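There are 2 protein chains.
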Amino acid sequence: MKEHTIQLNLSPERKPKPQSADLGFGKIFTDHMFIMDYTEGQGWHDPRIVPYQPLSLDPSCMIFHYGQSVFEGLKAYLTEDNRVLLFRPERNFQRLNRSNERLCIPAVDVDMAIEALKQLISVEKEWIPKWEGTSLYIRPFIIATEPFLGVKPSSRYQFIIILSPVGLYYKEGIKPVKILVENEFVRAVAGGTGEAKTAGNYASSLKAQEIADRKEYSQVLWLDGVEKKYIEEVGSMNVFFKINGEVVTPALNGSILDGVTRNSVIQLLKHWGMTVTERRISMEELREAHQAGQLEEAFGTGTAAIISPIGELLWKDEKMIINDGVTGPVSEKLFHTITSIQGGKEPDPFNWTMEVEQCIEVK
Amino acid sequence: MKEHTIQLNLSPERKPKPQSADLGFGKIFTDHMFIMDYTEGQGWHDPRIVPYQPLSLDPSCMIFHYGQSVFEGLKAYLTEDNRVLLFRPERNFQRLNRSNERLCIPAVDVDMAIEALKQLISVEKEWIPKWEGTSLYIRPFIIATEPFLGVKPSSRYQFIIILSPVGLYYKEGIKPVKILVENEFVRAVAGGTGEAKTAGNYASSLKAQEIADRKEYSQVLWLDGVEKKYIEEVGSMNVFFKINGEVVTPALNGSILDGVTRNSVIQLLKHWGMTVTERRISMEELREAHQAGQLEEAFGTGTAAIISPIGELLWKDEKMIINDGVTGPVSEKLFHTITSIQGGKEPDPFNWTMEVEQCIEVK
Ligand SMILES: Cc1ncc(COP(=O)(O)O)c(C=O)c1O
Ligand SMILES: Cc1ncc(COP(=O)(O)O)c(C=O)c1O
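Those protein sequence lines, which keep their order, are chains A and Y. When you line the first sequence up against the UniProt record's numbering, it's residues 1 to 363, in that order. When you line the second sequence up against the UniProt record's numbering, it's residues 1 to 363, in that order.
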């Protein structure tokens, strides 16, 4: 691994840390952030940890007009013996680079990014909340900063990492949600950007989410953009179904995000001796399984909620209640196991966690 | 029309104006910009003209992460007798509101937006270049500014207008371009955001454009996202074909932008007594017309280039040379007529131009 000299410019002031009850999701940010610049011809340069502060950007910067950007989301956890653990961070930065490739953004060095993250977290260790179910949410992102109005890849970028102490994603804890199957709006299509974690995918999802909210459904289930038949994802989560004893999840087809939680769930289920299949699943098949009484469980997977059981699916006019609307045993066990590994409470058979050594002494 | 009190805060310094040779596209910005804020519960407020300056935004602002944004592009022209003309600006702001609707952004008052634009241009009149083919490019845009990491519509926005003096879009003037038909990547799909002018659409187009550049093609021709059979748009332009004496253009189907130039071209052609049809057109049909010697002209339409004739289309391995690679008479006449109306050199039978009265005296 190369030496990466990250400049350290600590904030003279420290904000008060939130209490457990004040923790929401993504509202509170820590005292520092990481920034690194990219300039064409020079590559990525000037990595630095600086006080958390507004970005000053020319109004013509390409991010505002052409949306050239990518991001990631992962978490750091505090163990009972006061160690800090990251969960498979290399997968997030590898995925960031795959998103970069799709969006014509120059790749970042994965080792360097992990090193930067570790140093930043080391500085902000006091910000990691210690209560059950809480963590420090990590948001790495890259934005195009060339001041130019014209559709082409930017010649300048900023790579930034900000941190936010967060509570449970769903305030009620692991509790089944109601999901609306979306028949009109499309999130992504083969040949589009569905596989990449880029801002535009989320902007285009807002309209369907707004309609779901109005109907009091918590998220939408996206179908494929071509035939609107096959299941893709649930809101910002991958999705799994237990049908007649077997677990199935949509195969990675180019329009689905390759979730870190999804991958971990597949590995765990196989480790437990269960059958897991990645393949195409149609709504029609799901409905038939439900009618035959074989749709035993359904759940979403993602960094924010980890496992989010699905208690009801509404498809056109048909309501499918799953497992009587209560959390099923596989969902429950996955949630318990993954969160326990993340928090260092259970053995980590796959070496998923990475410890953040206290490399910077901050008083 | 309501009274809209726009605060005026003029810059103490003025930048030097560019010479003809320095005019590119979207690189140089004027001394002032227009800004207006939106706050949930309060609506749009505090419209103001201020010195052109960087935006100061929290790194958690939603625009950086979820791409909730829309924009427009139009131009102001200086006539030979020193009047300032806008070209159909109401259509741009109406389209902005349709984009807003798709992106869950609150609508702006069209009259208010036009009034703001007029005042801004009035302040910046000296910036409008006077040379043949030049103009003042106008970029209105809206960005989500709530500092929050979570996928939902923002509770705060900024509506901004910036201005850039521009030269000819293609340095060589009206000259046929080579276009690559894109078979892998998709710009937009029914149910997506293709009809809206939102940042993400342009980010997702970069990859295909990069490949076209490498093959020395100037733009890509997008096919529909479902069957990859039907013609949608060319780069950031709508597209027209003259086949056996008739002009055809893809119908507005939800994934195509409703271009102001497209609409103007349709009206002009009808005015001239030509047959224009908006319908679905497949690449297969185009190829057959070409083989039969009936593909007489092809051209893109858009605010930047107005009319951009197409001299060659590459579809898979098949090269189609159109009109011997030279500009056809219909393309030529459209370019000449539209630019003449825009510049006040020809009668304006449709009342397309709107004069900007010198409402603010600036020394
Ligand atoms: C669209 C989408 N799908 C799936 C996921 C789940 O991915 P992960 O498990 O890596 O958080 C996310 C969120 O991260 C997402 O945004
Ligand atoms: C995708 C796309 N299509 C078409 C157009 C042409 O629209 P207009 O004629 O309004 O400039 C534009 C550019 O403005 C565009 O971005």
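Note that CB positions come from ideal geometry on N, CA and C, so glycine has one too. All values reported here derive from a predicted model rather than from experimental measurement.
Do residue i and residue j have their C-beta atoms closer together than 7 Å?
i	j	result
Cys104(Y)	Glu216(A)	no
Leu74(A)	Pro54(A)	no
Val226(A)	Glu182(A)	no
Gln158(Y)	Ala203(A)	no
Trp315(Y)	Met283(Y)	yes
Glu297(Y)	Ser264(Y)	no
Phe64(A)	Phe141(A)	no
Leu163(Y)	Leu136(Y)	yes
Ser218(A)	Val151(A)	no
Gln342(Y)	Phe87(Y)	yes
Leu8(A)	Ile49(A)	yes
Phe335(Y)	Ile306(Y)	yes
Val166(A)	Phe29(A)	no
Asp58(A)	Pro147(A)	yes
Arg156(Y)	Thr39(Y)	yes
What does the alpha-carbon distance come out to for the pair residue i and residue j?
i	j	result
Lys242(A)	Thr303(A)	21 Å
Pro349(A)	Leu180(Y)	51 Å
His271(A)	Ile338(A)	13 Å
Trp352(A)	Pro47(Y)	52 Å
Lys229(A)	Cys359(Y)	57 Å
Gly293(Y)	Thr301(Y)	23 Å
Met62(Y)	Leu149(A)	21 Å
Ile199(Y)	Arg91(A)	Per the sequence shown, the amino acid found at residue 199(Y) is Ala instead of Ile. The alpha-carbon atoms of Ala199(Y) and Arg91(A) are separated by roughly 27 Å.
Gly194(Y)	Trp222(Y)	11 Å
Arg83(Y)	Phe34(Y)	21 Å
Gly344(Y)	Glu285(Y)	39 Å
Arg98(A)	Gly235(Y)	24 Å
Glu3(Y)	Asp258(Y)	For Glu3(Y), the predicted model reports a pLDDT of 49, less than 50, meaning its position is unreliable; a value from the coordinates is still stated below. So the two alpha carbons sit approximately 30 Å from each other.
Lys27(Y)	Tyr52(Y)	14 Å
residue 364(A)	Val356(Y)	Residue numbering for chain A in the displayed model covers 1 to 363; residue 364(A) lies beyond these limits and cannot be assessed.
Ala190(Y)	Asn100(Y)	17 Å
Asn201(A)	Glu232(A)	14 Å
Val326(A)	Asp109(Y)	47 Å
Thr5(A)	Ile160(A)	16 Å
Met1(Y)	Ala113(Y)	For Met1(Y), the predicted model reports a pLDDT of 39, less than 50, meaning its position is unreliable and no value from the coordinates is stated.
Lys197(A)	Gln291(Y)	43 Å
Could you confirm whether any beta carbon from chain Y is found closer than 7 Å to the beta carbon of residue i?
i	result
Thr193(A)	yes
Lys316(A)	no
Ser99(A)	no
Ser236(A)	yes
Lys15(A)	no
residue 364(A)	In the structure as shown, chain A starts at 1 and stops at 363, and residue 364(A) therefore has no counterpart that could be examined.
Leu23(A)	no
Gln68(A)	yes
Met1(A)	In this prediction, Met1(A) has a pLDDT of 39, which is less than 50 and means its spatial position is unreliable; what the coordinates show is noted afterwards. It does not; no Cβ of chain Y falls within 7 Å.
Residue i CB to nearest chain A CB: under 7 Å?
i	result
Gly167(Y)	no
Ile310(Y)	no
Asp58(Y)	yes
Leu223(Y)	no
Gln19(Y)	no
His65(Y)	yes
Phe159(Y)	no
Lys175(Y)	no
Lys178(Y)	no
Glu210(Y)	yes
Arg214(Y)	no
Leu55(Y)	yes
Can you tell me which of the three DSSP states residue i falls into?
i	result
Tyr169(A)	coil
Met1(Y)	Legend: pLDDT at Met1(Y) = 39, less than 50; position of this residue unreliable, value from coordinates given subsequently. Here Met1(Y) sits in coil by DSSP.
Ala144(Y)	strand
Lys319(Y)	strand
Gly344(Y)	coil
Asn238(A)	strand
Lys118(Y)	helix
Gly26(A)	coil
Lys229(Y)	coil
Glu124(Y)	coil
Is there a Cβ of chain C sitting closer than 7 Å to that of residue i, yes or no?
i	result
Glu184(Y)	Among the chains of the structure shown, chain C does not appear; the protein chains present are A and Y.
**Message:** Counting beta carbon pairs with one atom in the segment 275–282 of chain A and one in the segment 246–259 of chain A, are three or more of them shorter than 8 Å?
**Reply:** yes
**Prompt:** For the 8 Å Cβ check, are there 3 or more pairs between the segment 104–123 of chain A and the segment 14–25 of chain Y?
**Reply:** no
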